[in-house]
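Chemist:
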Amino acid sequence: MTTTPDFATYIAGLPRVLAGAAALFRDAEGRVLLVEPNYREGWTLPGGTIESDDGETPRQGARRETAEEIGLDRPLGRLLAVDWVHKPGWPPLVSYLYDGGVLDARDLKAIRLQEEELLSWRLVPREELGTHLLGTMGPRVLAALDVLAEGAGTAELENGKRVG
Numbered sequence: 044m045t046t047t048p049d050f051a052t053y054i055a056g057l058p059r060v061l062a063g064a065a066a067l068f069r070d071a072e073g074r075v076l077l078v079e080p081n082y083r084e085g086w087t088l089p090g091g092t093i094e095s096d097d098g099e100t101p102r103q104g105a106r107r108e109t110a111e112e113i114g115l116d117r118p119l120g121r122l123l124a125v126d127w128v129h130k131p132g133w134p135p136l137v138s139y140l141y142d143g144g145v146l147d148a149r150d151l152k153a154i155r156l157q158e159e160e161l162l163s164w165r166l167v168p169r170e171e172l173g174t175h176l177l178g179t180m181g182p183r184v185l186a187a188l189d190v191l192a193e194g195a196g197t198a199e200l201e202n203g204k205r206v207g
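The numbering used here puts the first residue of the sequence shown at 44, with every later residue one more than the last.
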């Protein structure tokens, strides 16, 4: 199919949305695996930008980023949360959060940080997540943990808050 100049112009003028994906890993005690980036304040989950221009899907992006950032390349579980994040002056971000599963001692010993982006990692109990995760990340992770605990369906969020 050839793209006509009019259609290309139309596509170029459409709004842009950034997309990211991450994995929620826990240990047997329910603590959440967080990583400390060297390029911004606060902690985050293993994950990052989806390379959608190359045809990457959110699930593929979360798995690729996890393998790159912490050296664990494993299939991800179900989609726990989708968060539409918008703040003035920034393009909207849609963030996908997948179940990474429970890591055992062998998995934790196998973690190898991507030194170009990450300083450290740690396991954080639910009650301390708010002190480590900035912005909408904290409420997003808490919503995903609730989905796991309740056996509920995917949480639809806007700026970290449940919709509906």
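No residue lacks a Cβ here, since even glycine has one placed at the ideal position from N, Cα and C.
No experiment lies behind these values; they were computed from the predicted model shown.
Given L162, which residues of its chain have a CB within under 6 Å of its CB, disregarding the five upstream and five downstream residues?
Modeler: E79 and N81
Chemist: Could you check what DSSP says for D229 in three-state terms: helix, strand or coil?
Modeler: Residue numbering for the chain in the displayed model covers 44 to 207; residue 229 lies beyond these limits and cannot be assessed.
Chemist: Expressed to the nearest angstrom, what Euclidean distance is found between the alpha-carbon atoms of A15 and V167?
Modeler: Residue 15 lies beyond the residue range present for the chain, which begins at 44 and ends at 207; the question has no answer from this structure.
Chemist: Helix, strand or coil: how does DSSP classify R165 here?
Modeler: strand
Chemist: Whose C-alpha, out of A186, T52, E112 and D96, is nearest the C-alpha of G90?
Modeler: Minimum Cα-Cα distance from G90 among the listed residues A186, T52, E112 and D96 corresponds to E112.
Chemist: What does DSSP give as the partner residue(s) for L172 in the beta ladder?
Modeler: L172 pairs with nothing; no bridge assigned.
Chemist: Ignoring anything shorter than 4 residues or poking outside the region 47-76, list the alpha helix (DSSP H) runs there in chain order.
Modeler: 48-55
Chemist: Please list the terminal residues of the continuous beta strand (DSSP E) segment that includes D126.
Modeler: Looking at the DSSP string, the run of the beta strand (DSSP E) that includes D126 is L122 to V128.
Chemist: Return the Cβ separation of L156 and W164 in integer angstroms, given the expectation that the two are a contact with Cβ distance under 8 Å.
Modeler: 6 Å
Chemist: Comparing alpha-carbon positions, which option in A195, P182 and G196 lies nearest N202?
Modeler: P182
Chemist: Please state if the CB of A148 and the CB of P101 are separated by a distance shorter than 8 Å.
Modeler: no
Chemist: Taking the straight line between their C-alpha atoms, what separation do you get for V60 and G132?
Modeler: 13 Å
Chemist: Find the nearest neighbour of V75 within the set A55, T179 and R169, judged by alpha-carbon distance.
Modeler: Of the candidates A55, T179 and R169, the one whose C-alpha sits nearest the C-alpha of V75 is R169.
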